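Going by the working numbering, the residue at position 149 of the sequence shown is 246; the numbering climbs one at a time, nothing skipped. Every residue, glycine too, gets a C-beta built ideally from N, C-alpha and C. Quantities reported herein were computed from a predicted structural model and do not represent experimental measurements.
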Amino acid sequence: MRMTESVILTLLRAILITSLAWPLAWSMASLWRSETRISVLIRPWIAALAVIVWMVPPLLLTYAWNRTGLSMIEGELVYQGLLLTRMTPLALLLILCGPRQESSSSAEWLGRDLARMHRPLPKWPQYRGSWSRWKWALALVLLFTFQEFELSALLGVRTWTDDLFVDHAGGLPLNQTLKLVIFPAVIALLLALAGQTQHSFFVSGNLQPHQNSTENRPSKPGRWSVVGGGLWLVLLGVMFSPLVWLIMQDAWGMGQYLWQGGRQHVILLNEVVTSLLLATTATMIALGLAQYTTRSLTHSAGRRQFEFARWLGYGLLTMGLLGALTIGLVLRGLSVTLADVTGWRMSLPLWLLAGVVIKIFPLAWLVESMLQSRQPAAALSLADQVLRLHGQRIWRRLAQPEMGFDRTIPEGFPTGSTFQKLANWRFQAALKPRLWLGVLIATFACADVLLTALLAPTGMATGTVRLYNFMHYGHSAALTAEALLLAIVPFALLSMLAMLISISVRSQARRFPGTRPPAL
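Rendered as structure tokens:
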């Protein structure tokens, strides 16, 4: 009964947050699509702030707010404000990159012209195309709000995820926990299926907006567009102000902690390296699976490959949208069952790796669908052919008397040549976007708490779970420093790795034009 009440309360709160985030996102989408000077100026800032909102670990935000000594009512209001701050950019992304509308601009113009000449036409055909995008965004925003865990963990807010996780950690048997998760999992499954009902998203993976729709025409932003964007910026500033104040207040203590060194720094470094290896491996697997499924569904493929990719993508998407808690409990149950049947327990974190891959697969699918729908496929294919043909004609021989024979190597492109520019463009269009979006996905995966707590093998260094436990018992400059390091260091290291890969691939493309470029 208590679990049912938590599920209903969480669902009602999710409906409230979705109903508030939707008009804000819709007004910001109208501002984003317009081609005025102010719109072009603020687009990069909105995108950067949206990335920051999702890259800052939720535990760090709630730790900063929890230090202010919130009451129960204040904690509920702060929790809803933090949810609204995070879900508005998500709704904006889904509105801008949702499935194509079914009505074109020509059909809408014809309907308006006929309405002026004759009696008004029914309204439902006009809004049919928009409703498909509304359903996509509303269902997924409601789903992600319903599954949220990290923000509520430290604020004392009642949610079904926090209640179930605390009960299971407190000794509730796994079989009873799996029974209790069935009801919220069914709700999440229905919302996930509602978000996948668009044929253009599920079958073809085409997420680019319809360019001929009246929704996407350049226009001046309305008054409500500016008001919606301003309200979100004000809310963002209010919700992040305790974190800024916490960093300023603990700056001296954090500096002393970092200067002293000691064994704790070695432990923290081990935790960061472990998280990076796990998140990077999971991101590469998830992006590889997403690339295979989307390419098999959008390019020419045999029927067997098409059906396999379709069901693989459908299954991974559905499991990934069920949420981290459901994924972790199901995989934990499978691992326990397998251990009881075979008597073999894995010491490697393979179950944890599988859980992280499933969790981030919907995000990887979204990234791949967006990139493949917006990339000039014909131009990229032609660039590949030109680079290969040109690379076969510029071989030169390099004499090596000490080796007793001549070695044939590719000469490379002259600096500033057309072929060098073509190779650079090929890299910029194909690999670079995936590389940096992969950095963001891996950073997001590093902040996972639920899967690590449920599936990590005994003795595995887990910094997020350790900080989650310590944050319940008080505040200190050392704890603040470790939380900031676990949030900043993974992103910094992954960014450095991405830059090194970019430089290496670009130089390789210049030196060895005859090599086959990586597949899109």
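*Beta-carbon contacts of R183 that lie in its chain and below 7 Å, excluding the five residues immediately before and after*: To locate residue 183, count along the sequence shown from 1; it is residue 86. Residues of the same chain with a CB within less than 7 Å of the CB of R183, apart from the 5 flanking positions on each side, are V150 and W151 in chain order.
*asked:* Give me, in chain order, the residues of the same chain whose beta-carbon lies closer than 8 Å to that of L138; leave out the 5 immediate sequence neighbours on both sides.
replied: Stepping through the sequence shown from its first residue, residue 138 is reached at position 41. Closer than 8 Å at the Cβ level, and outside the excluded window around L138, lies no residue.
*Taking the CB atoms as reference points, tell me whether A376 and A539 lie closer together than 7 Å.*
Reading the sequence shown from its first residue, position 279 is the one you call residue 376. Reading the sequence shown from its first residue, position 442 is the one you call residue 539. The Cβ-Cβ distance between A376 and A539 falls below 7 Å.
*Please determine if the stretch 100-119 and the stretch 175-190 are in contact, where contact requires at least 3 C-beta pairs separated by less than 8 Å.*
Contact holds: three or more Cβ-Cβ distances are below 8 Å.
_Let's see if you can read the secondary structure: which residues bound the alpha helix (DSSP H) around A266?_
Within the sequence shown, numbered from 1, the residue matching residue 266 stands at position 169. That run of the alpha helix (DSSP H) goes W257 to A266.
*Looking at the structure shown, is Y160 part of a helix, part of a strand, or coil, going by DSSP?*
On the sequence shown, residue 160 is found 63 positions in, with the first residue counted as 1. Residue state for Y160 is assigned as helix, using DSSP reduced to three classes.
*Within 7 Å, strictly: CB atoms of A147 and P186*: Your numbering for residue 147 matches position 50 in the sequence shown. Your numbering for residue 186 matches position 89 in the sequence shown. Against a cut-off of 7 Å, the Cβ pair of P186 and A147 comes out as a contact.
*Same chain only: Cβ atoms within 8 Å of G513, ignoring 5 sequence neighbours per side*: Position 416 of the sequence shown holds residue 513. Caution applies to G513, whose pLDDT of 46 falls short of 50 and renders its modelled position unreliable; the value that the coordinates give is listed next. Contacts found: none.
*Give, in chain order, every unbroken run of the beta strand (DSSP E) that is at least 3 residues long and sits entirely within the stretch 529-610.*
Complete beta strand (DSSP E) runs here, min 3: none at all.
*F337 by DSSP, collapsed to three states: which one?*
The residue labelled residue 337 in the question sits at position 240 within the sequence shown. Judged by DSSP in its simplified three-state form, F337 adopts helix.
*For my contact list, A285 and L240 are in at a C-beta cut-off of 8 Å; report their separation, rounded to the angstrom.*
One-based indexing of the sequence shown puts residue 285 at position 188. One-based indexing of the sequence shown puts residue 240 at position 143. So it is a contact: roughly 6 Å between Cβ atoms.
*Measure the Cβ-Cβ separation of Y389 and A574 and say whether it is below 7 Å.*
Here the question's residue 389 lines up with position 292 in the sequence shown. Here the question's residue 574 lines up with position 477 in the sequence shown. Cβ distance not < 7 Å, so Y389 and A574 don't count as in contact.
_Three CB pairs or more closer than 8 Å across the stretch 265-281 and the stretch 450-463_ = Remark: fewer than three beta-carbon pairs, one from each stretch, lie closer than 8 Å, so the stretch 265-281 and the stretch 450-463 are not flagged as touching.
*Can you tell me the Cα-Cα spacing of V104 and V263, whole angstroms?*
Reading the sequence shown from its first residue, position 7 is the one you call residue 104. Reading the sequence shown from its first residue, position 166 is the one you call residue 263. Their Cα atoms are separated by approximately 15 Å.
*Helix, strand or coil for P270, going by three-state DSSP, please let me know.*
The residue labelled residue 270 in the question sits at position 173 within the sequence shown. P270 falls in the coil class under three-state DSSP.
*Under a three-way DSSP split, which group does F405 fall into?*
In the sequence shown, counting from the first residue as 1, residue 405 sits at position 308. It is helical.
*7 Å Cβ shell around A553 - same chain, five flanking residues per side excluded*: Numbered from 1 along the sequence shown, position 456 holds the residue referred to as residue 553. In its chain, beyond the 5 residues on either side, P446, L449 and T559 have a beta carbon closer than 7 Å to the beta carbon of A553.
*Where L386 and D347 are concerned, what is the direct C-alpha to C-alpha distance, given to the nearest angstrom?*
Reading the sequence shown from its first residue, position 289 is the one you call residue 386. Reading the sequence shown from its first residue, position 250 is the one you call residue 347. Put simply, the backbone Cα of L386 is about 43 Å away from that of D347.
*Cβ of A580 within 7 Å of Cβ of L190?*
Taking the first residue of the sequence shown as position 1, residue 580 is located at position 483. Taking the first residue of the sequence shown as position 1, residue 190 is located at position 93. Taking 7 Å as the cut-off, the Cβ atoms of A580 and L190 do not count as close.
_Between which two residues does the alpha helix (DSSP H) holding W151 run?_
The count along the sequence shown starts at 1 and reaches residue 151 at position 54. It spans R134 to M152 - the alpha helix (DSSP H) in which W151 sits, taken as one unbroken run.
*Can you tell me where the alpha helix (DSSP H) with Q177 in it begins and where it stops?*
Locating residue 177 in the sequence shown gives position 80, counting from the first residue. M169 to L193 is the span of the alpha helix (DSSP H), which, as asked, contains Q177.
*Can the beta-carbon of M351 be found closer than 7 Å to that of T577?*
Here residue 351 refers to the residue found at position 254 of the sequence shown. Here residue 577 refers to the residue found at position 480 of the sequence shown. With contacts defined by Cβ atoms closer than 7 Å, M351 and T577 form a contacting pair.
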